[in-house]
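Working notes, beginning with the structure itself.
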DNA sequence: TTGATTAATTAACATCATGTCAGTATGGTC
DNA sequence: GACCATACTGACATGATGTTAATTAATCAA
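Chains as they are written, first to last, in our numbering: chain Y, 18 to 250; chain W, 18 to 250.
Structure, rendered in structure tokens:
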């Protein structure tokens, strides 16, 4: 494969970019077919045969791009994760009223997960049938747990949240979200997003900032950048 | 099958109990093998062949008792549900300090689910691959939701819990429990049950009776049988 | 105990999805 | 237009599933 590279000392194109566009296009076509299929069918009904029937390509070609359907689901999961992360940024990163920011982030999360509910469902179904997808799913949840824990700890240092180990609560809250999205939005016709946002919002705000803020969605709290290592006395 | 029953007017044994013990025993042996298998392997690795290899019976005999592995999982789910229901009785039915009873019920639930964690995991995995198991799983959750909603509504009437629609909260709390059990106890080595009980307990008590009772696990509240339809004035 | 009857069991088969491979076609670059 | 790597395909081997027809074993009546 790399036998000819030693002819001259200088190699201009160790990865010939020659036909790279073609295979990228094919891969995208398969992923697209998967999205179209999973929008209206569940993962358990997806065979390689049916999937490739939605493309202009033959079944064996599938295996040039993915080892099996589970590897396909891993790619799909990566796409979903990056989509969701975009929406959740406000509470995680911005300064300002934490209750309002949290509400805003949750609203964005619900909106996104409403749109991709059937795909989330497909990934969790796939996780049940394959160890690697399962690991990927839990690793994603762990990353969310990390981020939320960090955010809680920061607000605890600012005195906005009372002191306790943030990790178990973060895990639980994220788990709530994931379960609700899958259950409510996983199969069409999907449930309405409003009650889901209402319930999730209540859970997060009441367990973090106290029940008094639940109804309003805004507070008189304010988050300012904490001064790291102030001058010693 | 029922052709001979019309000979005399009286039929003593419409279902001949003749060899009923034998088939019951075989069925039980298969279920037992399933429990043994799923204790140390995941559902995705369970084939009819491997399963029946753990019994003294041949593979095709499996199909005399179950249409497929999913139907087996439905039977298994029914066993789990009745097991769990036993433990949760106190808070659902008894009178007394509601916070203490709730804590007691949750502790029992955690204990039971710790013991059958791998089986819960197996059922949820199976739910992802089969529509009927999935329906069965959600129906079970619905029944729990009903019971909890009813309990909450009753305590609301007694003024122990503030007024709001109990169903979404009940759904969420049950969902939390189920997810935590599967995640923490689903694969061996299982996570420790104590932190799980701690986190779940906190979520239930704080969202129902208020954060002040979280740490203690007991309260000065007391639940007495509500008088149904008292005499009109 | 014995034979009749029915249930339980099995060996062998047909089906289906999977994943692989050797050979063919194609598109991009010179 | 010719070459080359890459992408694609038809045909095959494998493994699990679920069925059927034939065999075996257990129960009960006499």
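Every residue, glycine too, gets a C-beta built ideally from N, C-alpha and C. None of the values given here were measured: they were computed from a predicted structure.
What do you reckon, are the CB atoms on residue 69 of chain W and residue 86 of chain W nearer than 8 Å?
No. Outside cutoff.
Using the three-state DSSP reduction, which class does residue 113 of chain W fall into: helix, strand or coil?
Three-state result, residue 113 of chain W: strand.
To the nearest angstrom, how far is it from the Cα of residue 132 of chain Y to the Cα of residue 113 of chain W?
Taken atom to atom, the span from the alpha-carbon of residue 132 of chain Y to that of residue 113 of chain W is near 46 Å.
Are the segment 179 to 197 of chain W and the segment 207 to 222 of chain Y in contact at 8 Å, needing three or more beta carbon pairs?
Contact between the segment 179 to 197 of chain W and the segment 207 to 222 of chain Y is present, because at least three Cβ pairs lie under 8 Å.
Chain-ordered neighbours of residue 200 of chain Y on chain W, where CB pairs are closer than 9 Å:
Within chain W, the residues placing a beta-carbon under 9 Å from that of residue 200 of chain Y are 155, 158, 188, 192, ordered along the chain.
Count the other CB atoms, across all protein chains shown, that sit within 10 Å of the CB of residue 26 of chain Y; report buried if there are 16 or more and exposed otherwise.
Its pLDDT being 33, under 50, residue 26 of chain Y is placed unreliably in this model, and the value from its coordinates should be taken loosely. Exposed, since its Cβ has fewer than 16 Cβ neighbours within 10 Å.
Of the residues Y:226, Y:42, Y:204, the one placed nearest residue 140 of chain Y, counting alpha carbons only
It is Y:204.
Compare the C-beta of residue 145 of chain Y against all C-beta atoms of chain W and say whether one is closer than 8 Å.
Taking a beta-carbon distance threshold of 8 Å, residue 145 of chain Y counts as an interface residue toward chain W.
Grouping DSSP H, G and I as helix and E and B as strand, with all else coil, what is residue 85 of chain Y?
Collapsing the DSSP output to three states places residue 85 of chain Y in coil.
Tell me the residue span of the alpha helix (DSSP H) that contains residue 183 of chain W.
Segment 183 to 202, the alpha helix (DSSP H) holding residue 183 of chain W.
Straight-line CA distance for residue 83 of chain W to residue 41 of chain W?
Note on geometry: alpha-carbon atoms of residue 83 of chain W and residue 41 of chain W lie some 13 Å from one another.
Roughly how many angstroms separate the alpha carbons of residue 197 of chain Y and residue 128 of chain Y, rounded to a whole number?
Their backbone Cα atoms lie some 13 Å apart in a straight line.
Please state the DSSP three-state secondary structure of residue 147 of chain Y.
In the structure shown, residue 147 of chain Y adopts coil according to DSSP, grouped into three states.
Neighbourhood of residue 100 of chain Y by C-beta distance below 8 Å, restricted to the same chain and skipping five residues each side
Hits under 8 Å: 129, 133.
For chain W, is any of its Cβ atoms less than 8 Å away from the one on residue 78 of chain Y?
For residue 78 of chain Y, not one C-beta of chain W is nearer than 8 Å to its own C-beta.
For residue 135 of chain Y and residue 202 of chain Y, the rounded distance between their alpha carbons
Approximately 7 Å between the Cα atoms of the pair.
Excluding five sequence neighbours on each side, which residues of the same chain lie with their C-beta closer than 7 Å to the C-beta of residue 170 of chain W?
For residue 170 of chain W, same chain residues with a beta-carbon under 7 Å away, outside a window of 5 residues either side, are 183 in chain order.
Three-state secondary structure (DSSP) of residue 157 of chain W:
Note: residue 157 of chain W maps to helix in three-state DSSP.
Among Y:56, Y:43, Y:226, which one has its Cα closest to the Cα of residue 178 of chain Y?
Nearest Cα to residue 178 of chain Y within the set Y:56, Y:43, Y:226: Y:226.
Ordered along the chain, which non-local residues of its own chain (more than five positions away) have a Cβ less than 8 Å from that of residue 216 of chain Y?
Contacts found: 197.
Three-state class that DSSP yields for residue 69 of chain W in the structure shown:
Of the three classes helix, strand and coil, the one that applies to residue 69 of chain W here is helix, per DSSP.
Roughly how many angstroms separate the alpha carbons of residue 43 of chain W and residue 79 of chain W, rounded to a whole number?
So the alpha carbons of these two residues sit roughly 9 Å apart.
Chain-ordered chain Y contacts of residue 197 of chain W [CB-CB under 9 Å]
The answer, in chain order, is 188, 189, 192.
Can you check whether the C-beta of residue 183 of chain Y is within less than 8 Å of a C-beta belonging to chain W?
Judged by the 8 Å Cβ criterion, residue 183 of chain Y is not in contact with chain W.
Return the first residue and the last residue of the alpha helix (DSSP H) that residue 218 of chain Y is part of.
From DSSP, the alpha helix (DSSP H) with residue 218 of chain Y extends over 210 to 226.
Taking 8 Å as the cut-off, decide whether the C-beta atoms of residue 91 of chain W and residue 72 of chain W are in contact.
No, the Cβ-Cβ distance between residue 91 of chain W and residue 72 of chain W is not below 8 Å.
With DSSP as the reference, label residue 141 of chain W as helix, strand or coil.
Residue 141 of chain W: helix per DSSP, three-state reduction.
With a threshold of 6 Å on Cβ separation, who are the neighbours of residue 121 of chain Y within its own chain once the five nearest residues in sequence on each side are excluded?
Excluding residues within five positions, the ones whose Cβ falls inside 6 Å are 107.
From residue 50 of chain W to residue 199 of chain W, what distance separates their C-alpha atoms?
Straight-line Cα distance between these residues: approximately 21 Å.
Does any residue of chain W have a CB that is nearer than 8 Å to the CB of residue 61 of chain Y?
Chain W, which has a Cβ nearer than 8 Å to the Cβ of residue 61 of chain Y, makes this yes.
Do residue 150 of chain W and residue 191 of chain W count as a contact pair if the criterion is CB distance below 8 Å?
No, they are not a contact pair.
Using the beta-carbon of each residue, which ones in chain Y are nearer than 8 Å to residue 216 of chain W?
For residue 216 of chain W, the neighbours in chain Y by C-beta distance under 8 Å run, in chain order, 185, 186, 188, 189.
Identify, in the order they occur along the chain, each residue of the same chain with its Cβ nearer than 6 Å to the Cβ of residue 207 of chain Y, setting aside the five sequence neighbours on each side.
Once the five neighbours on either side are set aside, the close Cβ partners of residue 207 of chain Y are 134.
Residue 300 of chain W in three-state terms, based on DSSP:
Coverage of chain W is limited to positions 18 through 250, which leaves residue 300 of chain W absent and any answer about it impossible.
Let me confirm a value: residue 176 of chain W is counted as buried when at least 16 other C-beta atoms fall within 10 Å, else exposed. Which label applies?
So residue 176 of chain W counts as exposed.
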